[in-house]
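Single-structure report; data block below.
6 protein chains.
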Amino acid sequence: MTRHSGRSADQLRPVSFVRGFTEHAEGSVLVSFGGTRVLCNATVEERVPGWRRDSGAGWLTAEYGMLPRATHGRSRREAAQGKQSGRTLEIQRLIGRSLRACVDLEALAGCTITIDCDVLQADGGTRTASITGGYVALVDALAKLRKQRKLKKEPLFGQIAAVSVGIVNGAPVLDLDYVEDSSAETDLNVVMNEAGGFVEVQGTAEGHAFRRDELDSMLGLASKGISELIAAQRAALEG
Amino acid sequence: MTRHSGRSADQLRPVSFVRGFTEHAEGSVLVSFGGTRVLCNATVEERVPGWRRDSGAGWLTAEYGMLPRATHGRSRREAAQGKQSGRTLEIQRLIGRSLRACVDLEALAGCTITIDCDVLQADGGTRTASITGGYVALVDALAKLRKQRKLKKEPLFGQIAAVSVGIVNGAPVLDLDYVEDSSAETDLNVVMNEAGGFVEVQGTAEGHAFRRDELDSMLGLASKGISELIAAQRAALEG
Amino acid sequence: MTRHSGRSADQLRPVSFVRGFTEHAEGSVLVSFGGTRVLCNATVEERVPGWRRDSGAGWLTAEYGMLPRATHGRSRREAAQGKQSGRTLEIQRLIGRSLRACVDLEALAGCTITIDCDVLQADGGTRTASITGGYVALVDALAKLRKQRKLKKEPLFGQIAAVSVGIVNGAPVLDLDYVEDSSAETDLNVVMNEAGGFVEVQGTAEGHAFRRDELDSMLGLASKGISELIAAQRAALEG
Amino acid sequence: MTRHSGRSADQLRPVSFVRGFTEHAEGSVLVSFGGTRVLCNATVEERVPGWRRDSGAGWLTAEYGMLPRATHGRSRREAAQGKQSGRTLEIQRLIGRSLRACVDLEALAGCTITIDCDVLQADGGTRTASITGGYVALVDALAKLRKQRKLKKEPLFGQIAAVSVGIVNGAPVLDLDYVEDSSAETDLNVVMNEAGGFVEVQGTAEGHAFRRDELDSMLGLASKGISELIAAQRAALEG
Amino acid sequence: MTRHSGRSADQLRPVSFVRGFTEHAEGSVLVSFGGTRVLCNATVEERVPGWRRDSGAGWLTAEYGMLPRATHGRSRREAAQGKQSGRTLEIQRLIGRSLRACVDLEALAGCTITIDCDVLQADGGTRTASITGGYVALVDALAKLRKQRKLKKEPLFGQIAAVSVGIVNGAPVLDLDYVEDSSAETDLNVVMNEAGGFVEVQGTAEGHAFRRDELDSMLGLASKGISELIAAQRAALEG
Amino acid sequence: MTRHSGRSADQLRPVSFVRGFTEHAEGSVLVSFGGTRVLCNATVEERVPGWRRDSGAGWLTAEYGMLPRATHGRSRREAAQGKQSGRTLEIQRLIGRSLRACVDLEALAGCTITIDCDVLQADGGTRTASITGGYVALVDALAKLRKQRKLKKEPLFGQIAAVSVGIVNGAPVLDLDYVEDSSAETDLNVVMNEAGGFVEVQGTAEGHAFRRDELDSMLGLASKGISELIAAQRAALEG
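Protein chains in written order, with UniProt numbering: chain A, 1 to 239; chain B, 1 to 239; chain C, 1 to 239; chain D, 1 to 239; chain E, 1 to 239; chain F, 1 to 239.
Written out as structure tokens, the structure is:
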């Protein structure tokens, strides 16, 4: 079997991180997974949501959006529609949960970090690119807080990246693009940390139910892909 | 380790299905997973959503709601709030996808089946109870269509059930109740068919990232639980 | 004239109250007026709405909802529609006003009681069943407060029940079911207290305008029906 | 007992109807009940709501609004709030039902008449003034249709007026103004036709439950008031 | 060229101000520019919006609405639609900005003045009539504050009026009515103060782009018209 | 007087257009006016809004949005707020009107062109950059239609650009950045075509009312700036 892109089954698309893509955000990263390009902006604000106020701890949350023409056809602008779709809410909840998994919220006392992930161009895997790029933006924002000596305790205790895997034409493949995603029999998004621990596993059978051995293969591919993404994040942060 | 309820790690809560719980719906099932009670009503309508019209096929969708006082404290009524929460949308999308996995939409030509899952009382696992009870309501609704000779082709080609598993106090356990869910380190919802194939796998690390062997144990427990639920559904449908 | 159900003109449908229908609410009553089944949950919260804050008094309010498939055909879910219909708002305002008529809000100082009335199955008279069942849930909730010694003063000073009457096929009848309601020429909802005083009277001519003598007959029927409902509530509360 | 305004118990406030108050509407009437001034505009459109389309019949509906500063303090603009209040919906449903009671919808085939009632100044009784003035606007709009020979059949078969009555300081009084309304123990809105038939009766105990004899007195006052309003409408229409 | 109304190119429509048109508002003015009639109510409230709270200063804002049948055909009620249109928001922002240009917000400390402009009848120029009439209502409201000695410092430091000008049939004309507005090649709204200074200039080419000399002519006409409106406001306020 | 940026009073910021910034849109241009960067995507769809259907003509419209962290502080996401602000609606209406001024809608028969302007980074003048960049995206989209021979008639008949001018520290200046905009006494947005005709003129006095000679100076600056932008657009389109 060959992939339409010529990639091998366990090959990621070219990944890049442009740090400081915009000027105002505490962390601003344009992440690309092949043709998927997401602008991840991390904002630090010295306030917490009402329901967190008594806890003394801080908060980290995420919002996700897609520019109307990020996709092949134009999708309607959610602001004009008057609400965010179920898909959008689901994705931004996933991004928030994933990135909270590497942060000590107690150490953020009094602060909220918001990770805005806006998809400029979509070619499959926008949620995994958002998590992976969002992590880099988060690190940059925390560095700014650290420099300003606003952190009494280090909040960052891990590294987070995400990738999609799936069964396409009967074979497990890594990092699906839009064409593959559209025809995948199974679609699995995996979020892991730098130690190989699972943070989120979300798999859906699109065509037939998938077997345990298929799941095992996909998890293996995800694990390989994420270790490469973890390395790419480090390279970008050291660059 | 013992569970606060005295259950063993691989033990489901008592499960029951009351078919015909209300009179009007084509399928109406009150499902109980211990203290969790969900009313699942299946409605058949001879119309399809606009975007399906040209396909010739039918559609199956689900909606989910929680009565304001299904929970310990009162939650605000979504109808009064003016919108469904992200959690609600996420759950009803999951129920719909899961039940579509056992139905041939072509065979439903011209019809939409809506599965309304309304939680009367919540004690953990409302989404998995909804899927498991929704399946029984769906079967009853299809039986009615079959009796009325409105089906040219059989749409039902499988059986679907769901259960939650998790890591509580360091140990994998099956079918978490509210108390366990609140303190779980990892929470995994699994949807499978009668052949042991996976339809949905959604796992979230709440405390620490979970290891591959923990995931394996949880999948094993889920598999056992679901085969019991599949049997319970059959018994209820034959009863 | 005979009624399609075989009931005499002044005969109620079988009425029942299942107390403690769900576990979490301070008062939880499943009320049935024949085929109409409404779950009435009373919640006590130690806070008052903003506009009541300065008054020192408490508050009692109600919310009403209908499960989508409580009715013959499926009605759209209000939470998904993004708003409550005019009918819903009208009914929940009526329930709230009616039950406030037996409660001393001063004595509820600092507390809000919310009566959630959710229709599981509709067969006419859902608003009157809601009021009549809501009263029983309210009494149970207040008993809990009394036991916890949270009441300095007794807030309950009366008993409230409600019934519908109407002109069907030219004759006044008591407690209309859905079939009668659909063909009624006049529809009158009456809320009264245990002393026979009127709390709400809401009559609408559906076909022709009704005469004063017709109104008089209907009020007479309502009065008889409500005294039976008052007795049934007492029996349920003593049971 | 004397009323603060010096009126006798069975005395209406000065009533006036200014026909043709605005130019564009098919019927445009500024109705005054004392200090309450409502602009009632009747619009005829050659279309019916979707759900009426197959019936062949026409439709009549009403909308109600209050200018933000019609009242003593400023109330928030509903358009800016993003929704109509329960009170507004309740009132506009009442106006629509009341005026449909004098119109043969079959005869309006293909047309919708909308009665917009906008309160310019409020001093109690805005809903009864709206119905009473709305009737005059409706007659003017139908006259225009008749003149244009767009009516095959006469749709108007009755005359409708409305008034409020109540118990104030223990005594039944007719046509309450704001001061009386605020302190009323009972508030009853009555809609009747020219033959003395009841179209709507909506009574609410504000303080104590009202007795049957109080209801009887109030209905008597309403009947007297409405016959005067019916005469005033006629005079205005002939003027 | 002659105008369809017989007016000369630089002639305003008859302008009138009815002060005290309603009773409750601190300032209430019915302004007419020919067939355009707008009710402008000024409300004074002793509170400021949240975001102004720390400033110590007061605030002035405006809201605009059009009764559904102010226009030739009926437009949908914004409150029923659930939102204000872009046009409405644009106009009310313009009215607010324009009137803030003659008021010292510091001097209004602690108070918000809201100018509600509700169009009873529309015949072109509703926004300029709103500003011109709103000014008169504002002056009346401030007079009331002055009389109550609630002002430590005089807030009013200028006079504001507005008019529309345009190119119709190739010629610049003053104060367009609906017929002219509909066929105008260019439409320019001008807000000025009593000293001839510009507060707002908003011009739009409807047909072809307009030339600098056309703009100059229009500004000249506007200037003449506004000085007449300024005089008319003064006459009304002295009257 | 010197500007904080060192620019002369009549000097634009560096302007650039990156065509083909994203892949899917028919026209995709990243426009920069100094630190202001707006992604302008033009979409062609073969359908027209309902209200245009009978006209036979096509339509051109625009939507505008600002990424939450385009600004110094984070602004709330409009999609999450559930509505677009008045400012957003005003700007997108302006962009649409401006670009319709160079397009023959008849020639677009059956097609709608949507110009999405999303601000990635804001430093003043986002609406004028949107119009100027939107024009380039529009030209690219029309070129694609022309190449596909979908145009029977040429729709483009002019060139449109826009710039802001203002009075800062008492002196008229061209193309205000954020710092200047915040302290401007007057702010004027001007849209012109390649022949020097005015399409839109929108001026607001922020501090004091502006005089006629100030307006004249500002219009002169705008005219100079726009002729440079027109040249820059041409260079980009030929590039």
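Ideal Cβ positions, reconstructed from N, Cα and C, are used throughout, including at glycine. Small disclaimer: the values here were computed from a predicted structure and weren't measured.
Taking the CA atoms as reference points, VAL29(D) sits about 6 angstroms from GLY133(D).
Within the UniProt domain "Exoribonuclease phosphorolytic" (11-141) of chain A, contact with chain B at the beta-carbon level (separation under 7 angstroms) is assigned to LYS83, GLY86, LEU89, GLU90, ARG93, ARG97 and ALA101.
Going by beta carbons, VAL15(A) and ALA222(A) fall outside the 8 angstroms limit.
Between ARG93(E) and THR61(E), the alpha-carbon positions lie close to 8 angstroms from each other. Residue contact check for GLY170(A) against chain B: no CB pair falls below 8 angstroms.
With a cut-off of 8 angstroms on Cβ pairs, the stretch 189-196 of chain D is not in contact with the stretch 20-38 of chain E, counting fewer than three such pairs. When 9 angstroms is used as the limit between beta carbons, LEU215(F) is near these residues of chain E: PHE198, VAL201 and LEU219, in chain order. With a threshold of 8 angstroms between beta carbons, PHE157(B) makes no contact with chain A. In this structure GLU78(E) is in contact with GLY65(E), their Cβ atoms being roughly 7 angstroms apart against a cut-off of 8 angstroms. Neighbours of ARG211(E) across chain F, judged by C-beta separation under 7 angstroms: GLY197. Residues of chain F whose Cβ lies closer than 7 angstroms to the Cβ of THR204(E) are, in chain order, ARG97 and GLU200. Here the alpha carbon of GLN81(E) sits roughly 12 angstroms from the alpha carbon of LYS83(C). DSSP, reduced to helix, strand and coil, places GLN92(B) within a helical segment of the structure shown. Within the model, the alpha-carbon separation for SER98(E) versus ILE131(E) is close to 7 angstroms. Judged by DSSP in its simplified three-state form, SER227(A) adopts helix. Taking a contact as a CB-CB distance under 8 angstroms, the pair ALA129(A) and THR36(A) counts as one, their CB atoms being some 5 angstroms apart. For GLY133(E), there is no enclosing beta strand (DSSP E); the residue is found in the alpha helix (DSSP H) stretching over 126-147.
When secondary structure is reduced to three states using DSSP, GLU23(F) falls in the coil class, being assigned neither helix nor strand.
Sixteen is the threshold: when 16 or more other Cβ atoms of the shown chains lie within 10 Å of the Cβ of PRO155(C), as they do, the residue is buried. Looking at CYS102(D), SER75(D) and THR43(D), the one whose alpha-carbon comes closest to that of ARG76(E) is THR43(D).
Within the UniProt domain "Exoribonuclease phosphorolytic" (159-225) of chain C, the complete alpha helix (DSSP H) runs of at least 4 residues fall at 178-183. When TRP59(C), GLY166(C), ALA109(C) and HIS72(C) are compared, the shortest CA-CA separation from GLN202(C) is found for GLY166(C). Going by beta carbons, GLY197(F) and ALA209(E) fall inside the 8 angstroms limit. With respect to the C-alpha of TRP51(A), the residue from SER5(A), GLY110(A), LEU89(A) and THR71(A) having the closest C-alpha is GLY110(A).
For the 8 angstroms CB-CB criterion, GLN159(F) and GLU206(F) do not form a contact.
With a cutoff of 8 angstroms on beta-carbon distance, LEU120(B) and LEU12(B) are scored as not near each other.
With a beta-carbon spacing of about 42 angstroms, ASP54(F) and GLY124(F) fall beyond the 8 angstroms limit used to define contacts.
Cβ neighbours of ALA141(E) within its own chain (closer than 7 angstroms, five residues either side excluded): GLU26, GLY27, ALA42, VAL44 and ILE113. As the crow flies, the alpha-carbon of LYS147(E) is around 31 angstroms from that of GLY6(D). Counting only Cβ-Cβ distances below 8 angstroms, HIS208(B) has contacts in chain A at GLY197, in chain order. Judged by DSSP in its simplified three-state form, ASP54(B) adopts helix.
By the 16-neighbour rule on beta-carbons within 10 angstroms, ARG74(B) is buried. The C-alpha of GLY225(E) lies about 14 angstroms from the C-alpha of ASP216(E).
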